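One point on numbering: in our numbering, the residue at position 141 of the sequence shown is 141, and numbering is uninterrupted.
Heads up, the beta-carbon is just placed ideally off N, CA and C, and yes, glycines get one too.
This structure is a prediction, so every number in the text was calculated from the model and none was measured.
The structure under discussion appears below in the form of structure tokens.
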Amino acid sequence: MPFRERVPEYSERIQTVLDQWLPRSDKPPQRLHAAMRYAVLGGGKRLRPLLIYAAGEMLGVPVEHLDGPAAAMEIIHAYSLIHDDLPAMDNDDLRRGRATCHKAFDEATAILAGDALQVLAFQILAEDKSMVAPPAARVEMIRTVAVASGSAGMAGGQAMDLAAAGQSLSLVELELMHIHKTGALIRASVLLAAQSAPALAAEKRVALDRYGKCAGLAFQIRDDILDVEGETGTLGKQAGADASLHKPTYPSVLGLAESRQRALDLHHIALEALAPFGDAAEPLVWLSDYIVTRVR
């Protein structure tokens, strides 16, 4: 069965796993817990969990061993979206077709929800009983997520993004920003699957890392293109937001046609990185193709 036909099954699985890990909204502090659940369970592409499940499937890792890493990465992503949407950051009102967390609740609750989600991700990696990786590998997973989330990863990329508003960036500067902001978590997702297979040869782990880096950049390019060409009702978030904030994007630096070509070039490099895995790489091949062709 092609991976695309199993995507709904994986999406349903991660939704169940997330629901089980998130604190119940009827337990105090109820408003905080409700905000956490609102932000995480309200839809989304679930790309990061899908990357973990796809890479793990390719490596022969039992799916139950991947649930913890998949939940941790999606929760880190949800926390980042809450904080990105805040008035002090991108000041967005719409996310995934619904009011952003600070609009649905309030700004203080949204900040605390993001804070609580961030540490919940590390709690999952530390506690999840279904993960059978040896202790050293589990510590390495925690380190991978910490680095990808911090100043050397997503938070650093967001700082670069805020500082770049109204500025002109070169392609090298733009890609450095997005390797951190968007690419770090996508890259880390693939690495978490590799770390769930401790016997994986070093050269194959390097190949997977290369795939994750290229897929992460391609994802951001496609996101920038959709911000220009998409519609708010289809995107589930405000179209044209980057332009309104005077942010440098791939289309503003390269133009639309060259941006599309750059995404395709990265897609082909990502596929080349999967060559050592042969036909077993079909799930990751499909996900890379999805990234560069998705309509929303």
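- Distances from the CA of residue 143 to each of 224, 69, 54 and 46 were compared; the closest alpha carbon is that of 69.
- Nearest neighbour of residue 48 by Cα position, chosen from 127, 192 and 19, turns out to be 192.
- Close CB contacts of residue 114 within its chain, under the 6 Å cut and outside five residues either way in sequence, are with 79, 82 and 83 (chain order).
- Proximity of the stretch 48–57 to the stretch 181–195 meets the contact definition, three or more beta-carbon pairs being nearer than 8 Å.
- Between the stretch 103–113 and the stretch 153–169 there are fewer than three C-beta pairs closer than 8 Å, too few to call the two in contact.
- In this structure, DSSP gives residue 202 a helical state, which the three-state scheme calls helix.
- Rounded to whole angstroms, the gap between the alpha carbons of residue 71 and residue 128 is 10 Å.
- Contact between residue 220 and residue 183 is confirmed by a C-beta separation of about 7 Å, below the 8 Å threshold.
- Residue 94 is bridged by DSSP to 99.
- Note on the stretch 57–89: there is no whole beta strand (DSSP E) run with a minimum of 3 residues.
- Per the coordinates, the alpha-carbon of residue 124 lies some 19 Å from the alpha-carbon of residue 10.
- In the pairwise beta carbon analysis, the stretch 84–98 is classified as not touching the stretch 195–203: fewer than three pairs are separated by under 8 Å.
- The stretch 134–142 and the stretch 207–216 do not touch, with fewer than three beta-carbon pairs separated by less than 8 Å.
- The C-alpha of residue 107 is placed about 32 Å away from the C-alpha of residue 291.
- Fewer than three Cβ pairs drawn from the stretch 7–21 and the stretch 86–105 lie within less than 8 Å of each other, which leaves the two stretches out of contact.
- In the structure shown, residue 132 falls within a coil segment according to DSSP collapsed to helix, strand and coil.
- The C-alpha of residue 66 lies about 32 Å from the C-alpha of residue 105.
- Assignment of residue 45 by DSSP, reduced to helix, strand and coil, places it in the coil class.
- Residue 271 is positioned such that its CB atom lies closer than 8 Å to that of residue 285.
- The beta carbon of residue 224 sits closer than 6 Å to the beta carbons of 249, 250 and 251 from its chain, once the five residues preceding and following it are set aside; these are given in chain order.
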